[in-house]
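First to last, the protein sequences are chains A and B. All residue numbers for the first sequence refer to our numbering, where the first residue is 1 and numbers rise by one. All residue numbers for the second sequence refer to our numbering, where the first residue is 1001 and numbers rise by one. Glycine included, every Cβ here is placed at the ideal spot set by N, Cα and C.
Number of protein chains: 2
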Amino acid sequence: MIQTFRIKRIRESSIEEIEDWVIEETPLTIVVNGQELVTVVCTPEKEELLAIGFLGSEGIVGKIEDIRDYSVDGKTRTVTITLNGITIDDKILSRRRLVTSGCGRGISFYTYEDALKSTEITQRIEISPERAFTLMKQFQRQSSLFLRTGGAHSAALAKEDILLFAEDIGRHNAVDKIIGEALVKRVSFGDKILLSSGRISSEVILKAAKIGIPAIISRSAPTSIAINIARELNMTLMGFVRGKKANIYS
Amino acid sequence: MIQTFRIKRIRESSIEEIEDWVIEETPLTIVVNGQELVTVVCTPEKEELLAIGFLGSEGIVGKIEDIRDYSVDGKTRTVTITLNGITIDDKILSRRRLVTSGCGRGISFYTYEDALKSTEITQRIEISPERAFTLMKQFQRQSSLFLRTGGAHSAALAKEDILLFAEDIGRHNAVDKIIGEALVKRVSFGDKILLSSGRISSEVILKAAKIGIPAIISRSAPTSIAINIARELNMTLMGFVRGKKANIYS
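In structure tokens:
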């Protein structure tokens, strides 16, 4: 996930040549039922989980039984997935290309209106401020890729503690990786919290809503649409969770 | 560009209700020659420049004369552009959906190989470390939306000083807005520097290359592909420009 480059480092008026760590970026094509669905640019790790999570957060699959088999080809940078009784119809592919504001993947095959219609959180979950602070602290300690390269986003699924954790150049990819891992490991979503290092815009909220995660905690800012969607869908949304501070937006 | 929300603010163990500023996020559809090209999610400001810049950084137009006319419909959130003797053929639309790692827009209609073939920087530009430090300082002082909401990216086009500046929830959108403004104002690209608040991944480099900007300075990290492309195309790439420190990657 990291490459070493020989670069020139400037400090005040001195310049020296050093070896430096840089986060790896590489394309990954997701093929579903023999059809190329999308190519994302991501950090090469947990590719199959990213692909499965993508299908989950797009509302195409809801449980691991929906997937007959999957495989990764490292050479062609392709994840091939065969679904169980689910077809990717032209309706999904021809939907208006809603290009989102996220890092790591900016495409969603469903629309804003779709999501608002289809999902509302009914399960009750309680999060004390102390728990939010503690989870965020644990979360940041795990972000080793960011610490080494300064160029990564992370996401986690948590309950009392952090259960699943992933990093990627894209904040969406990081979310998809943990959703994929949860699907594969049969971890339920309805009683969990999604943690994110990045800003919360509409499509991150919609990803969580689509798969049924009731709460999102981020150390960054939300956007206006994200707040509106969270309130509409009865989701918990906390932002700017830093130290002993936080904002509750919904 | 900012909306006010009533939120709950936690500080240590106290919770109080306050009014808070949140960055606005809204969809914008770009229609070219009567055909819907793409819908991006962006901050509602300079929409026509964003759309024109998008066409520029996608290599569809190269100068303002390529555009016969353009108009913004604030109600339907649509920018309608008619091109001068340029057709958007199916080749462009059917190209593999390369979904990028960027914020604000994650789709490019050209591929990595396309870009590598089509552009190499030959114009010479000199940037002293002092100039990079000074430009970055000016740049950050202008980022008022970020200062107020914590959720914005900014981009600028600079020579001795900053000439054009834009902010958006998406770092790509911010880049497209200044490319659009430069096209409209007939500002040349070959002797300019692109400044960005965000990470530099492949598609930001390709945007700059496609329109002919020879140098990029960012306060954040680059990715591995971005460095490789910059070196391949003979572009200048500086990252982590903070205070009197900087890294030269290419």
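Asked                                                                                                                                                                                    : Found
Going by beta carbon distance, what residues of the same chain come within less than 8 Å of Y1070/B, once the five residues before and after it are set aside?                           : E1048, A1051, I1052, V1079, T1080, I1081 and T1082
Using a threshold of 8 Å, state whether the C-beta atoms of P222/A and V1022/B are closer than that.                                                                                     : yes
Within a Cβ cutoff of 6 Å, which residues of the same chain sit near Q142/A, ignoring the five residues on either side of it in sequence?                                                : F165
With a Cβ-Cβ cutoff of 8 Å, do I1088/B and V1061/B count as a contact?                                                                                                                   : no
Hey, does K1207/B have any beta-carbon neighbour from chain A nearer than 8 Å?                                                                                                           : no
Excluding sequence positions up to five away, which residues of its chain have a Cβ less than 7 Å from the Cβ of A1132/B?                                                                : I1217, M1238, V1241 and A1246
Pick out whichever of S1128/B, N1033/B, S1188/B and K1046/B has its Cα sitting closest to the Cα of D1168/B.                                                                             : K1046/B
Check whether chain A comes within 8 Å of G1151/B, counting only Cβ atoms and requiring the distance to be less than that.                                                               : yes
Terminal residues of the continuous beta strand (DSSP E) containing E17/A?                                                                                                               : S14 to I23
When you compare the CB positions of E1024/B and S202/A, do they come within less than 8 Å of one another, or not?                                                                       : no
Following the continuous beta strand (DSSP E) through S154/A, name the residue where it begins and the one where it ends.                                                                : H153 to A158
Give every residue of the same chain whose Cβ lies closer than 6 Å to the Cβ of Q123/A, excluding the five residues on either side of it in the sequence, and list them in chain order.  : G190 and P214
Please work out which residues of its chain come closer than 6 Å, Cβ to Cβ, to Q1003/B, disregarding the five sequence neighbours upstream and downstream, and give them in chain order. : V1022 and E1024
Please state whether DSSP places D1089/B in a helix, a strand or coil.                                                                                                                   : coil
Beta-carbon within less than 6 Å of K1177/B's beta-carbon, same chain only, minus the 5 sequence neighbours each way: which residues are those?                                          : K1046, L1049, L1050, G1053 and A1166
What does the alpha-carbon distance come out to for the pair P27/A and E1016/B?                                                                                                          : 45 Å
L1233/B by DSSP, collapsed to three states: which one?                                                                                                                                   : coil
Beta-carbon of E1025/B versus every beta-carbon of chain A: anything under 8 Å?                                                                                                          : yes
I'd like the span of the beta strand (DSSP E) that includes K245/A, first residue to last.                                                                                               : K245 to I248
For R1075/B and I64/A, what's the separation of their Cα atoms in angstroms?                                                                                                             : The residue asked about is misnamed: residue 1075/B is Lys in this sequence, not Arg. Whole-angstrom Cα-Cα distance: 42 Å.
Taking CB distances under 8 Å as the criterion, tell me whether R1199/B reaches chain A.                                                                                                 : yes
Quick one, which residues of the segment 174-203 of chain A are near chain B if we go by CB-CB under 7 Å, in chain order?                                                                : R199, S201 and S202
In the DSSP assignment, the alpha helix (DSSP H) including K1210/B goes from what residue to what residue?                                                                               : S1202 to I1211
What are the start and end residues of the alpha helix (DSSP H) that includes R1171/B?                                                                                                   : R1171 to V1184
Run through chain B and tell me which residues come within less than 9 Å of R11/A, C-beta to C-beta.                                                                                     : K1244, K1245 and A1246
Keeping to the same chain, check which residues put their C-beta closer than 6 Å to that of S1220/B; ignore five residues upstream and five downstream.                                  : G1198 and R1199
Using CA coordinates, which residue listed in R68/A, F146/A, R186/A and N234/A is at the minimum distance from N33/A?                                                                    : R68/A
Within 8 Å of any Cβ in chain A, is that where the Cβ of D1020/B sits?                                                                                                                   : yes
Counting C-beta neighbours from all protein chains within 10 Å, is the total for R1097/B 16 or more, i.e. buried, or is it exposed?                                                      : Legend: pLDDT at R1097/B = 43, less than 50; position of this residue unreliable, value from coordinates given subsequently. It is buried - the Cβ of R1097/B has at least 16 other Cβ atoms within 10 Å.
Does any residue of chain B have a CB that is nearer than 8 Å to the CB of Q142/A?                                                                                                       : no
Please list the residues of the segment 1210-1241 of chain B that have a C-beta atom closer than 8 Å to any C-beta atom in chain A, keeping them in chain order.                         : S1220, A1221, P1222, T1223, S1224, I1225, A1226, I1227 and F1240
Per DSSP, which one or two residues make a beta bridge with T1134/B?                                                                                                                     : BP columns for T1134/B are empty, so no partner.
Check whether chain B comes within 8 Å of V41/A, counting only Cβ atoms and requiring the distance to be less than that.                                                                 : yes
Residues in its own chain within less than 8 Å of V1187/B by CB, not counting five upstream and five downstream?                                                                         : L1157, L1163, L1164 and E1181
Does any C-beta atom of chain B lie closer than 8 Å to the C-beta of Y70/A?                                                                                                              : no
Could you tell me whether the Cβ atoms of F146/A and I1227/B are closer together than 8 Å?                                                                                               : no
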